[in-house]
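Be aware that the sequence shown starts at 1, since it is given in UniProt numbering, and climbs by one per residue.
The block underneath contains the structure these notes are about, expressed in structure tokens.
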Amino acid sequence: MDKILEAVMMSPHSKVVKQGMVRRVVESAAQPLDGSQCRAMFHVSTRLFLLGESQFKRDAGREVLEAFARHHRPQFEEFFEVRFVLGLLRNGYPPVGRRSPQIFLYLEMGLRCLADAPSAPDLFHLLQIEVLRIVCERPGPELCEQLSRLLSRCPRCVPSGNLQTVFCQQLIQTIRLFQCQSQQDDDIVVFLERVTKTSGMLQTVWRANVAAILPSLKELFIVISTPGEVPSNALASVVQYVPLELMEGAVRNLTNDKNISDAQMLTAICRMIDWLSWPFTKNTDKWAIALMKGVAVVKKCVILIEVTLAKIEEVFAKLFYPIVREGALSVLSYLLLSFQQSPEAFHLLLPQIPPLVSCLSAEGSDSAQQCLRQLVELAHCLLFRFTGFPDLYQPVLEVIKDFPSPSEERVKQVLSEGAWTAQRADQVSLCHRLTPKSETGKTGLVNLGNTCYMNSVIQALFMASDFRLAVMALKNCDLLPLMGKLQRLFAFLEHSQRPAISPDTFLAASTPDWFNPGSQQDCSEYLKYLLDRLHEEEKKSSQKVRGQPENQAGDTLIKRMFGGKMVTRIRCLRCQNVSQKEEAFSDLSLAFPPPNHRRDGSFILSPSPALAEGAEPRGTSPSRPERQEERGVRVIKVETVGSLDQATNKGFGGAPLPAWAPPERPNSPASLSVPDLINFFLTPEMLTGDNKYRCQRCSSLQNAEKVVEVTEGPHYLILTLLRFSFSLTTMRRRKILDNVSIPLVLKVPVRLPSRGPESVGAREVGSGPEVEREGSAYVSLTYDLASVVVHSGLSSESGHYYCYARECDGSEKPPGGGARESGWDDPAWATPAGGAEGTQWYLFNDTRVSYSSFEAVGNVTAHFPKDTAYVTLYQLRPTHRAEPGDCRVVATEELHGSEPLERELVEAIAKDNTLHLQEQERGVRHRAALSPSAAEPPVWLKDPRRRERWLMPESGTEEDKMAGCWEQVGVPAL
Numbered sequence: 001m002d003k004i005l006e007a008v009m010m011s012p013h014s015k016v017v018k019q020g021m022v023r024r025v026v027e028s029a030a031q032p033l034d035g036s037q038c039r040a041m042f043h044v045s046t047r048l049f050l051l052g053e054s055q056f057k058r059d060a061g062r063e064v065l066e067a068f069a070r071h072h073r074p075q076f077e078e079f080f081e082v083r084f085v086l087g088l089l090r091n092g093y094p095p096v097g098r099r100s101p102q103i104f105l106y107l108e109m110g111l112r113c114l115a116d117a118p119s120a121p122d123l124f125h126l127l128q129i130e131v132l133r134i135v136c137e138r139p140g141p142e143l144c145e146q147l148s149r150l151l152s153r154c155p156r157c158v159p160s161g162n163l164q165t166v167f168c169q170q171l172i173q174t175i176r177l178f179q180c181q182s183q184q185d186d187d188i189v190v191f192l193e194r195v196t197k198t199s200g201m202l203q204t205v206w207r208a209n210v211a212a213i214l215p216s217l218k219e220l221f222i223v224i225s226t227p228g229e230v231p232s233n234a235l236a237s238v239v240q241y242v243p244l245e246l247m248e249g250a251v252r253n254l255t256n257d258k259n260i261s262d263a264q265m266l267t268a269i270c271r272m273i274d275w276l277s278w279p280f281t282k283n284t285d286k287w288a289i290a291l292m293k294g295v296a297v298v299k300k301c302v303i304l305i306e307v308t309l310a311k312i313e314e315v316f317a318k319l320f321y322p323i324v325r326e327g328a329l330s331v332l333s334y335l336l337l338s339f340q341q342s343p344e345a346f347h348l349l350l351p352q353i354p355p356l357v358s359c360l361s362a363e364g365s366d367s368a369q370q371c372l373r374q375l376v377e378l379a380h381c382l383l384f385r386f387t388g389f390p391d392l393y394q395p396v397l398e399v400i401k402d403f404p405s406p407s408e409e410r411v412k413q414v415l416s417e418g419a420w421t422a423q424r425a426d427q428v429s430l431c432h433r434l435t436p437k438s439e440t441g442k443t444g445l446v447n448l449g450n451t452c453y454m455n456s457v458i459q460a461l462f463m464a465s466d467f468r469l470a471v472m473a474l475k476n477c478d479l480l481p482l483m484g485k486l487q488r489l490f491a492f493l494e495h496s497q498r499p500a501i502s503p504d505t506f507l508a509a510s511t512p513d514w515f516n517p518g519s520q521q522d523c524s525e526y527l528k529y530l531l532d533r534l535h536e537e538e539k540k541s542s543q544k545v546r547g548q549p550e551n552q553a554g555d556t557l558i559k560r561m562f563g564g565k566m567v568t569r570i571r572c573l574r575c576q577n578v579s580q581k582e583e584a585f586s587d588l589s590l591a592f593p594p595p596n597h598r599r600d601g602s603f604i605l606s607p608s609p610a611l612a613e614g615a616e617p618r619g620t621s622p623s624r625p626e627r628q629e630e631r632g633v634r635v636i637k638v639e640t641v642g643s644l645d646q647a648t649n650k651g652f653g654g655a656p657l658p659a660w661a662p663p664e665r666p667n668s669p670a671s672l673s674v675p676d677l678i679n680f681f682l683t684p685e686m687l688t689g690d691n692k693y694r695c696q697r698c699s700s701l702q703n704a705e706k707v708v709e710v711t712e713g714p715h716y717l718i719l720t721l722l723r724f725s726f727s728l729t730t731m732r733r734r735k736i737l738d739n740v741s742i743p744l745v746l747k748v749p750v751r752l753p754s755r756g757p758e759s760v761g762a763r764e765v766g767s768g769p770e771v772e773r774e775g776s777a778y779v780s781l782t783y784d785l786a787s788v789v790v791h792s793g794l795s796s797e798s799g800h801y802y803c804y805a806r807e808c809d810g811s812e813k814p815p816g817g818g819a820r821e822s823g824w825d826d827p828a829w830a831t832p833a834g835g836a837e838g839t840q841w842y843l844f845n846d847t848r849v850s851y852s853s854f855e856a857v858g859n860v861t862a863h864f865p866k867d868t869a870y871v872t873l874y875q876l877r878p879t880h881r882a883e884p885g886d887c888r889v890v891a892t893e894e895l896h897g898s899e900p901l902e903r904e905l906v907e908a909i910a911k912d913n914t915l916h917l918q919e920q921e922r923g924v925r926h927r928a929a930l931s932p933s934a935a936e937p938p939v940w941l942k943d944p945r946r947r948e949r950w951l952m953p954e955s956g957t958e959e960d961k962m963a964g965c966w967e968q969v970g971v972p973a974l
């Protein structure tokens with residue numbers, strides 16, 4: 001019968017005839033046959049099964065073989081014995097190779113027929129050994145799919161005992177080599193399906209033997225942590241089968257293993273993040289996040305910083321693809337919310353946020369809408385956390401303005417839940433990328449842990465060119481340790497090739513004892529303290545060198561640059577007796593007028609666009625650190641107009657002068673201006689009621705009038721806006737967020753003493769009989785805006801500082817042309833732009849330095865209500881500087897001759913620049929060695945069009961999701 005069957009199958013008869021013949025042969029299988037006849041039928045059916053050139057012949061061979069094997073099991077057991085099976089696995093069935101899918105289908109059928117035969121144990125033991133051997137030979141996805149089918153239908157072929165652990169480890173080594181060689185959608189589907197079935201073999205083993213899981217995970221970690229060839233992302237299909245209950249213990253074992261280096265851990269985490277590109281798997285994001293949390297627990301946050309900076313952009317790009325969006329968003333949220341020590345990671349994503357928002361809005365799917373909501377909340381949280389980058393944030397705010405924003409309580413909750421454990425500031429500073437120096441040529445300052453208050457002040461002082469050049473020109477600073485450190489810091493800012501330098505030495509030397517390290521401080525308080533320290537240091541040094549008593553010591557550099565004088569006069573309204581007190585000041589603290597204050601007149605005309613900001617100042621003079629709000633008398637400030645006996649009832653040109661007279665400002669975005677605050681400061685104050693004045697002449701408390709006037713203007717005028725006040729209602733400090741216009745050019749009237757104009761060292765004075773009358777003559781000093789320190793936030797104890805600055809060259813012109821002679825009828829004025837529109841402004845924000853403009857300075861509060869100007873620095877215009885015989889202001893024009901630096905300082909800068917170049921070279925090599933992402937993205941993420949076609953259904957089984965995803969591209973369901 002075997003020959004008849006073979007002859008019919010090879011004959012040219014029709015398929016119907018052949019089917020009839022096969023049916024009759026199968027029906028005859030129940031008839032008794034001797035051993036030789038059975039073996040002949042087994043051989044014929046085996047040849048048809050394995051060598052048939054058509055599916056019909058192969059199916060016929062299988063049907064006949066199964067029938068005869070079922071009815072003649074002893075004979076089939078002799079035929080399908082161990083040596084025959086081993087030969088199939090080792091040599092194949094020529095011309096069919098040993099790795100042909102038909103071989104495994106044949107073995108599956110034979111094993112199923114002999115499942116309970118006496119020889120079955122030997123056969124299954126042989127298969128266990130051979131399956132392990134095949135896996136060790138690193139078969140491809142196609143063969144692994146056949147193995148998976150064999151093991152799923154014949155579970156007894158799965159290696160047992162100790163071989164199970166080895167089998168799992170070797171299977172992981174095999175999967176790491178899988179690569180999809182085709183970019184065709186059909187081929188990608190087949191590849192993904194084969195990988196899923198291959199990794200399913202691990203699940204089969206792990207379900208039967210939980211003890212094999214941890215050794216398998218260890219092998220997986222070895223694969224992904226070993227530098228060199230990048231393993232396949234197909235390994236992502238493995239972790240979905242690991243029970244989540246084992247996650248905590250597995251992560252703890254890995255992070256506490258002292259044999260695992262930081263480089264290995266970094267490589268492993270990066271490659272796990274790469275797994276996010278693998279579709280249709282579960283828990284990949286959970287494992288990646290768990291491992292990062294474990295690393296944070298053991299305080300190895302440098303690893304996490306490197307991972308975040310290396311991978312954040314790749315993770316963000318995956319949000320464009322629905323099939324991998326969910327896991328990518330989870331990891332992205334963790335990376336951004338945990339990396340709260342620096343805005344660097346968030347800033348890397350800023351250019352891509354607007355395109356992603358547009359893409360998600362256009363997609364319209366539930367997945368896109370959910371992602372959009374989470375992304376907007378995440379953006380608001382990070383904008384709240386990393387304030388102070390208006391130029392970078394404006395495009396992002398524009399695209400998310402129409403979406404609901406979370407409450408401040410929600411933002412704080414999200415930020416507090418996502419933060420890493422406490423970290424040292426130096427860990428963050430060490431991990432800044434090797435970015436090139438700013439295109440501006442300026443050097444930034446590293447934030448050493450809430451030291452933006454110092455960085456902003458240092459950059460403002462550095463950009464004050466006269467002061468900088470004077471400091472750089474100092475020689476032999478041995479007796480001036482703090483000034484010497486400032487000189488060194490300025491020299492490095494000027495000549496360093498680094499994009500940013502670390503001011504750690506200056507921070508330690510210049511901060512007061514009551515400043516808590518790592519806590520946010522008041523930049524105005526720090527500036528006053530710094531100037532006071534520098535002043536006292538130089539004064540003591542002069543006394544030692546010259547042997548002069550303290551009251552005869554000469555002027556210091558700080559006094560020449562920042563020192564001014566003002567007089568406070570109090571007139572008793574009963575006896576008209578006037579008492580006065582002259583004080584030196586280094587800055588003027590400007591309080592905000594109360595809401596009910598009358599604003600129907602002003603001494604100072606013409607405001608400008610605004611900026612506003614603050615932190616809480618500490619008084620007028622460096623030697624008086626008490627806070628303004630704790631004193632009964634308002635701190636003395638800078639602008640004065642009118643005489644003492646006329647200021648309360650007469651205006652310019654004899655007209656009545658109101659206490660407030662702001663000029664008309666149509667379409668102005670600011671409700672107040674710096675001139676308004678100065679006028680409020682200079683407005684005469686009535687001392688009545690509980691605040692009466694004790695008159696020495698009357699020997700009793702009397703109503704009185706107090707007036708503050710500037711009698712000597714500084715070279716650099718520092719104005720502090722008192723934005724922080726104590727609320728008796730809430731019993732908390734609050735910030736005044738009012739927008740305040742900052743004029744580019746400010747004209748300040750200074751009162752002339754009766755002895756003449758020489759005492760103020762100015763050229764413009766009043767003339768006529770008013771000069772002879774005490775207190776009736778004024779000189780107008782013109783100041784140009786040099787820098788603005790902005791505070792971003794709602795509290796003086798938190799937030800962020802940054803600085804806008806430029807180098808003033810004195811080219812700005814007043815609105816009417818040159819400087820005018822100023823007398824009683826010439827008010828102080830301010831112009832919004834002057835002639836300096838072309839002057840280059842810079843934005844200094846810790847390590848980041850960028851070009852800016854005066855328009856940006858004026859509009860920052862309009863766009864970012866929490867970002868308000870706090871400290872402004874104005875420079876005296878050269879035409880108003882001292883006469884040759886006057887030592888009040890140094891002739892800074894002479895300083896521009898580029899005094900050479902001390903040799904020791906030059907050598908230190910050159911050495912550091914060489915070191916920086918060496919660090920760059922080492923850093924490039926280090927990152928190249930650590931980078932696990934040399935491989936290209938998976939083929940299914942290379943074509944941007946696929947993100948529009950591969951839309952995952954919102955619910956259903958994994959098979960439904962895969963079918964629905966591929967249905968969009970015309971691929972049949974799997």
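Glycine included, each C-beta is placed from N, C-alpha and C at the ideal position.
Item: Selected residue, minimal CA-CA separation from F346, among F316, Q240, D274 and R410; Value: F316
Item: Local Cβ density within 10 Å of E709, reported as buried at 16 or more and exposed below that; Value: buried
Item: Sheet register partners of V190 (DSSP bridge); Value: According to DSSP, V190 bridges with nothing at all.
Item: Below-8 Å beta-carbon distance, R732 vs any chain D residue; Value: Protein chain content of the structure displayed is limited to a single chain, and chain D is not contained in it.
Item: Separation of N256 from V298, as counted between CA atoms; Value: 8 Å
Item: Reference E81, options H71, C113 and W287, closest by Cα; Value: C113
Item: Simplified DSSP state of G518, which is helix, strand or coil; Value: coil
Item: Buried versus exposed, by CB contacts within 10 Å (16 or more), H13; Value: exposed
Item: Spatial distance of E408 from K282 (CA atoms); Value: 33 Å
Item: L590 vs L719 beta-carbon contact at 8 Å; Value: yes
Item: Rounded straight-line distance, which links the Cα of E219 to that of L304; Value: 23 Å
Item: Distance CB(C157)-CB(V131) smaller than 8 Å; Value: yes
Item: A460 to A491 span [Cα, whole Å]; Value: 15 Å
Item: Top-ranked residue by Cα proximity to L744, from C808, R83, R751 and G799; Value: C808
Item: One or two residues paired with W841 in a DSSP bridge; Value: S852
Item: The stretch 29-42 in contact with the stretch 66-77 per 3-pair CB rule at 8 Å; Value: yes
Item: Limits of the beta strand (DSSP E) - the one that V158 falls within; Value: Neither: V158 is in no beta strand (DSSP E) and is coded neither H nor E.
Item: Under 8 Å between C-beta atoms of L905 and S787; Value: no
Item: Among P322, L332 and T387, nearest to G364 - alpha-carbon criterion; Value: P322
Item: Nearest to N516 (by Cα), restricted to the options L105, E797, C180 and E582; Value: E797
Item: Rounded C-alpha distance that separates residue 1015 from E314; Value: An answer regarding residue 1015 cannot be provided, because it is not within the stretch 1 to 974 covered by the chain.
Item: Any 3 or more C-beta pairs closer than 8 Å across the stretch 722-737 and the stretch 863-871; Value: yes
Item: Residue range of the unbroken beta strand (DSSP E) whose run includes D784; Value: Y778 to S792
Item: Rounded C-alpha distance that separates E142 from P343; Value: 47 Å
Item: Extent of the continuous beta strand (DSSP E) run through C803; Value: H800 to A805
Item: Nearest neighbour of T688, chosen from F681, A268 and S700 [CA to CA]; Value: S700
Item: Closest Cα partner of S416 within the set L337, V471 and P390; Value: L337
Item: Those residues which DSSP pairs with L687 across a bridge; Value: A704
Item: D122, enclosing alpha helix (DSSP H) - first and last residue; Value: A120 to C136
Item: Reduced DSSP secondary structure (H/G/I, E/B, other) of Q875; Value: strand
Item: Residues bridged to C698 (per DSSP); Value: None; C698 has no bridge partner.
Item: Proximity of R176 and S232 at Cβ, strictly below 8 Å; Value: yes
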